[in-house]
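**Q**
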Amino acid sequence: SPLNDPFDLLDISSQVGEEERDIQATVRAFLDDHVRPHIADWFETATFPRELVPELGKLGVLGMHLTGYGCAGTSATAYGLACLELEAVDSGLRSFVSVQGSLAMYSIWRYGSEEQKQEWLPRLAAGEAIGCFGLTEPDHGSDPANMSTRAVRDGSDWILNGAKMWITNGGVADVATVWASTEEGIRGFLVPRGTPGFTTHDIKQKLSMRASVTSELSFADVRLPDSARLPEARSLGAPLGCLNEARFGILFGALGAGRDSLQAALRYADSRIQFDRPISGFQLTQRKLADMAVSLNTGMLLSLHLAKLKEAGRIRPEQISIGKLNNVRAALDVARECRTILGANGISLEYAPLRHANNLESVLTYEGTEEIHTLVVGQALTGQSAFR
Ligand code: TGC
Ligand code: FAD
Numbered sequence: 005s006p007l008n009d010p011f012d013l014l015d016i017s018s019q020v021g022e023e024e025r026d027i028q029a030t031v032r033a034f035l036d037d038h039v040r041p042h043i044a045d046w047f048e049t050a051t052f053p054r055e056l057v058p059e060l061g062k063l064g065v066l067g068m069h070l071t072g073y074g075c076a077g078t079s080a081t082a083y084g085l086a087c088l089e090l091e092a093v094d095s096g097l098r099s100f101v102s103v104q105g106s107l108a109m110y111s112i113w114r115y116g117s118e119e120q121k122q123e124w125l126p127r128l129a130a131g132e133a134i135g136c137f138g139l140t141e142p143d144h145g146s147d148p149a150n151m152s153t154r155a156v157r158d159g160s161d162w163i164l165n166g167a168k169m170w171i172t173n174g175g176v177a178d179v180a181t182v183w184a185s186t187e188e189g190i191r192g193f194l195v196p197r198g199t200p201g202f203t204t205h206d207i208k209q210k211l212s213m214r215a216s217v218t219s220e221l222s223f224a225d226v227r228l229p230d231s232a233r234l235p236e237a238r239s240l241g242a243p244l245g246c247l248n249e250a251r252f253g254i255l256f257g258a259l260g261a262g263r264d265s266l267q268a269a270l271r272y273a274d275s276r277i278q279f280d281r282p283i284s285g286f287q288l289t290q291r292k293l294a295d296m297a298v299s300l301n302t303g304m305l306l307s308l309h310l311a312k313l314k315e316a317g318r319i320r321p322e323q324i325s326i327g328k329l330n331n332v333r334a335a336l337d338v339a340r341e342c343r344t345i346l347g348a349n350g351i352s353l354e355y356a357p358l359r360h361a362n363n364l365e366s367v368l369t370y371e372g373t374e375e376i377h378t379l380v381v382g383q384a385l386t387g388q389s390a391f392r
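Note that the UniProt record's numbering numbers the sequence shown so that position 336 is 340, with each residue one more than the last.
#1: Leaving out five residues on either side along the sequence, give the residues of the same chain with a beta carbon under 7 Å from the beta carbon of residue 54.
#2: Keeping to the same chain, check which residues put their C-beta closer than 6 Å to that of residue 97; ignore five residues upstream and five downstream.
#3: Within the continuous alpha helix (DSSP H) that includes residue 87, where are the two ends?
#4: State the DSSP-derived secondary structure class of residue 39, mapped to helix, strand or coil.
#5: On the criterion of 16 or more Cβ atoms from any shown chain inside 10 Å, does residue 299 qualify as buried, or is it exposed?
#6: Report the residue ranges of all alpha helix (DSSP H) runs contained in full by the region 255-320; include only those spanning at least 4 residues, in chain order.
#7: Would you say residue 217 and residue 174 are within 9 Å of each other, going by their C-beta atoms?
#8: Please list the terminal residues of the continuous beta strand (DSSP E) segment that includes residue 179.
#9: Decide yes or no for the touch test of the region 197-215 against the region 118-128: beta carbon pairs closer than 8 Å, at least 3 of them.
#10: State buried or exposed for residue 150, treating a residue as buried only when at least 16 other CB atoms are found within 10 Å of its CB.
#11: Tell me where the beta strand (DSSP E) around residue 168 begins and ends.
#12: Can you give the Cα-Cα distance for residue 183 and residue 283, rounded to whole angstroms?
#13: In angstroms, rounded to a whole number, what distance separates the CA positions of residue 33 and residue 269?
#14: Give the C-beta separation of residue 163 and residue 227 to the nearest angstrom, bearing in mind that I take them to be a contact with Cβ-Cβ under 8 Å.
#15: How many Å lie between residue 119 and residue 230 at the Cα?
#16: Which same chain residues end up closer than 6 Å to residue 334 when comparing Cβ atoms and leaving out the 5 residues on each side of it in sequence?
#17: Using a threshold of 9 Å, state whether the C-beta atoms of residue 99 and residue 366 are closer than that.
#18: May I have a chain-ordered list of the beta strand (DSSP E) segments no shorter than 3 residues that lie completely inside the region 118-151?
#19: Out of 193, 172, 347 and 368, point me to the one whose CA is closest to residue 116's CA.
#20: Find out if the Cβ-Cβ distance for the pair residue 342, residue 357 is shorter than 9 Å.
#21: By a C-beta neighbour count over all protein chains shown, 10 Å radius and 16 as the cutoff for buried, is residue 208 buried or exposed?
#22: What do you reckon, are the CB atoms on residue 27 and residue 71 nearer than 9 Å?
#23: Of the residues 25, 135 and 382, which one's Cα is nearest the Cα of residue 57?
#24: Pick out whichever of 68, 160, 145 and 190 has its Cα sitting closest to the Cα of residue 170.
#25: Does DSSP put residue 3 in a helix, in a strand, or in coil?
#26: Looking at residue 111 and residue 137, is the spacing between their C-beta atoms short of 9 Å?
#27: Taking DSSP as the reference, what is the three-state secondary structure of residue 337?
#28: Which residue marks the beginning of the beta strand (DSSP E) containing residue 189, and which one marks its end?
#29: What do you reckon, is the C-beta of residue 102 under 8 Å from a heavy atom of ligand 1?
#30: Quick check: residue 359 and residue 52, are their CB atoms within less than 9 Å of each other?
#31: Looking at residue 248 and ligand 1, is the gap between the Cβ and the nearest heavy atom below 8 Å?
#32: Would you list the residues sitting across from residue 229 in a DSSP beta bridge?
#33: Taking the CB atoms as reference points, tell me whether residue 181 and residue 156 lie closer together than 9 Å.
Structural data, given as structure tokens:
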């Protein structure tokens, strides 16, 4: 009976194609063997496992939903399910893959010149190079339209000045996609590591996403040829178009963190004895478990529906906002609730739920905060923008 699987109470997996299920199983098996055993240590020591990057390339998950240039060209569903498995281990790992594939690679794939694609995409897909995506600034997060980073023409070159903040992969990236305002509007530039005037500083003392690199990027009179500009990116719509891709992966990914938390709580509730019986037998525990299972299963239904819309080429940004809003909120609630079931043990890194919950605090904020996605849905409902 499908009810034997707490993560598939509705028998949703029967709607997923065999090839997609195979991809999901392959990613899961790789992660179980090579990543899961180390993740708590990496989180504790704030280590990003850089040596894993070429392995992820071989696994085919870097830019996996893109076509050509060494990318796997999988369906949106397969990409989502891979994100789910990555985030079931750690949101930091899924962040790496989101930024590499959906932000750095997608920006080049969608808006780059043929030369830029040839130069970067095969190496990024293979994990021989790392990319990052700089949109957020110290003083402009939710409102990137007001960005201060500026690129000014100087003959046939551009001079770039400014700073980007909270940039995933920043300190380890070989190339940064950087968004800047110009006299002609917002434009994107590819800035390779080592370009004079371009420096990075990693952000320390994070309580979330500890197994991921998050950095500040600084640009002091960085001279770039016009060939570094992404020629097809002509407004704020370009970076926001990249965000749609990453947000889609996140709405699947977050459910992975939720699933892994619930798995830990179910196991614990079954073996922990208080008042002479397993705590899984108490009604209050069962209520928590049932609510969480319902929430994750309906989140999965929503995700697969959105994947179908994406595959049909008719998903709308507002629909992605609904998915990101619902599923990240659900996963964070689940991770916190699972922590309560584990009692004091729940605060130890030996168990995953609180690590997931701490990571999900970032996921709730990045790629559009909970409030921003709420306002996107509000605008769709009322026709009125409440942003400004
Ligand atoms: P607005 O006037 O609404 O739009 C400006 C132009 O953009 C178009 N547009 C979109 N295009 C594609 N996809 C979308 N989702 C789009 N939303 C808007 C729009 O049609 C317009 O086009 P055009 O051609 O007329 O110029 O812009 P606004 O300034 O009012 O802002 C709207 C708002 C608030 C929704 C937007 O600024 C926003 O989404 N803010 C949140 C910023 C954000 O999400 N930042 C994320 C940074 S990257 C990151 O967090 C990576 S973490 C990754 C990881 O580690 O996994
Ligand atoms: P603010 O925009 O200052 O918001 C602060 C609070 O005010 C929030 O609660 C927000 O919802 C609320 N608020 C703002 N405007 C409104 C409004 N109009 N109505 C109601 N409430 C509002 N960015 C990148 O560009 N690239 C990356 O790779 C990247 N990686 C990240 C990794 C991590 C771990 C984190 C934590 C962030 C990352 N970010 C990245 C940045 C992220 O996208 C921003 O943090 C996010 O967009 C919010 O911006 P902010 O932090 O400046 O918050």
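Just so you know, even glycine gets a beta-carbon here, dropped at the ideal spot from N, CA and C. Model, not experiment: these values are computed from the prediction.
**A** Judging by the given coordinates:
#1: 176
#2: 90
#3: 80-93
#4: coil
#5: buried
#6: 287-315
#7: yes
#8: 179-186
#9: no
#10: exposed
#11: 161-172
#12: 52 Å
#13: 22 Å
#14: 6 Å
#15: 12 Å
#16: 299 and 303
#17: yes
#18: 135-138
#19: 193
#20: yes
#21: exposed
#22: no
#23: 135
#24: 145
#25: Outside the modelled stretch of the chain, which goes from 5 to 392, sits residue 3, for which no answer is possible.
#26: yes
#27: helix
#28: 189-196
#29: yes
#30: no
#31: yes
#32: 161
#33: no
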